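Quick note, the sequences are listed as chains A and X, same order.
Residues 249 to 396 in the working numbering are what the first sequence lists, from first letter to last.
Residues 249 to 396 in the working numbering are what the second sequence lists, from first letter to last.
The C-beta atom is built at its ideal place from N, Cα and C for all residues, glycine as well.
This one's a predicted model, so the numbers in the text were calculated from it and none came from an experiment.
Number of protein chains: 2
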Amino acid sequence: MREDYAIERFRKNGYKITPQRQEILKVFVGNNLPLSAEEVHRKVVERYPNISLDTVYRNLSILLELGIISKLDFILEGKSRYELNSGKHHHHLVCLKCGVTEAIDFCPFKSLDREKIEEEKKFEIKKHSFELFGHCELCREKPQEKSF
Amino acid sequence: MREDYAIERFRKNGYKITPQRQEILKVFVGNNLPLSAEEVHRKVVERYPNISLDTVYRNLSILLELGIISKLDFILEGKSRYELNSGKHHHHLVCLKCGVTEAIDFCPFKSLDREKIEEEKKFEIKKHSFELFGHCELCREKPQEKSF
DNA sequence: CTACTTGCAAATAATTTGCATGCGA
DNA sequence: TCGCATGCAAATTATTTGCAAGTAG
């Protein structure tokens, strides 16, 4: 259970289990789409009407620090998005019209490529991003394209 | 000559050739590293001490619109970076310590991969990003890692 | 009880916009 | 001259921080 695991990590690192924190965690556990801070806040407010956006931001930092969530490496809309760490390496399909972001398992980067580049460029690769931007099925025929 | 080409594009699209605009263009032509708005401003100020950061931003938009520069799809430091369109497809090596960004020609994404995904996911791919994050040769042994 | 947390308000930082003046074509 | 451009100041947006009060353990 991913939620129990996260709560265990809170405890081990001296963080208290507050209802707000728990609810923010639940939003991610119950959702495998990347969410913005505001979206997380919007969901948590349903149950904790007084929770502030600040608290969401502060808890996102902690979840990041504990490796429970990740911040996406790309920004389309001028704000960051965060997603639960699934444990499996993956990338994303991102719609340039509606912003919908879907995870895909496919990765084109092979270990031979990595070795060659590390050798040639004297660069130690820690991670990589690979994102596909385009139009999702629903947005194919929409005329207007968002600016992001 | 890339600069002449850009100036031609300005003309054709009804944009005037102001000294500030020309100087901003020159910064990119004389530099193949991705630059932030502030870095561009810093360079242009050397020659036009009164130029405002606003003007830089406004001209970056125009350069983007005309396809003369591109905005990088990833953000590490909380701000966007822009680079001259080289005409060749490429990706980047990005140092997580010092932020240095180098272009590389290597691309792992093949047309067969593309076709398969477009078919399977019913997603029309318009562009993709592929960035390698890690430590450059100079930063290998540095102890501190920046937060971005 | 005590340190971590929270909400509120204010501060930052990047980027954008309104407006009157300036200047290229 | 005329409309696009610029500089300045103020607005916006995402995110961060200071602080006093609240609460988990």
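Closest in C-alpha terms to VAL342/A, from the list HIS340/X, LYS374/X, CYS355/X, LYS364/X, comes LYS374/X. In the three-state reduction of the DSSP assignment, PHE322/A falls in the strand class, which pools E and B. In this structure, HIS376/X sits near PHE357/X, with a CB-CB distance shorter than 8 Å. Closest by C-alpha distance to ILE272/A, out of CYS346/A, ARG295/A, LEU324/A, is ARG295/A. Separation of the CB atoms of GLY382/A and LEU344/A is rounded to 6 Å, and the pair is thereby assigned contact status at 8 Å. Put simply, the segment 249-266 of chain X touches the segment 311-319 of chain X. At least three CB pairs are less than 8 Å apart. By DSSP's assignment, VAL342/X forms a beta bridge with THR349/X, PHE381/X. Closer than 7 Å at the C-beta level to chain X, one finds these residues of the segment 360-389 of chain A: ASP361, ILE365, LYS369, LYS370, PHE371, GLU372, ILE373, LYS374, LYS375, HIS376, SER377, PHE378, GLU379, LEU380, PHE381, GLY382, HIS383, CYS384, GLU385, ARG388. Boundaries cannot be given for ARG388/A, as no beta strand (DSSP E) includes it and DSSP labels it neither H nor E. TYR330/A is bridged by DSSP to LEU283/A, LYS319/A. Going by beta carbons, GLU379/X and PHE322/X fall inside the 8 Å limit.
Between ILE317/A and chain X, the shortest Cβ-Cβ separation is not below 8 Å.
Distance from SER284/A to LYS327/A at the Cβ level is roughly 5 Å; contact confirmed, criterion being Cβ atoms closer than 8 Å.
Contact check for GLN268/X and VAL292/X: beta-carbon distance about 7 Å, within the 8 Å limit, so the pair qualifies.
Following the DSSP letters along the chain, one finds SER300/A in no alpha helix (DSSP H), marked with neither H nor E.
Think of a sphere of 9 Å around the beta carbon of ASP302/A: no beta carbon from chain X falls inside it, the nearest being about 18 Å out. Of the candidates ILE299/A, GLY347/A, ASN307/A, the residue whose Cα lies closest to the Cα of LEU281/A is GLY347/A. The closest CA to that of PHE276/A, considering only ASN333/A, ILE299/A, GLU389/A, THR349/A, is found on ASN333/A. Selection GLY335/X, CYS355/X, GLU331/X evaluated against THR349/X yields GLU331/X as nearest (Cα-Cα).
For PHE276/A, the enclosing alpha helix (DSSP H) has its first and last residue at 267-277.
Linking LYS364/X to GLU385/A through their CA atoms gives a straight-line distance of about 15 Å.
Rounded to the nearest angstrom, the Cβ distance from ASP353/A to LYS336/A is 7 Å, consistent with a contact under 8 Å.
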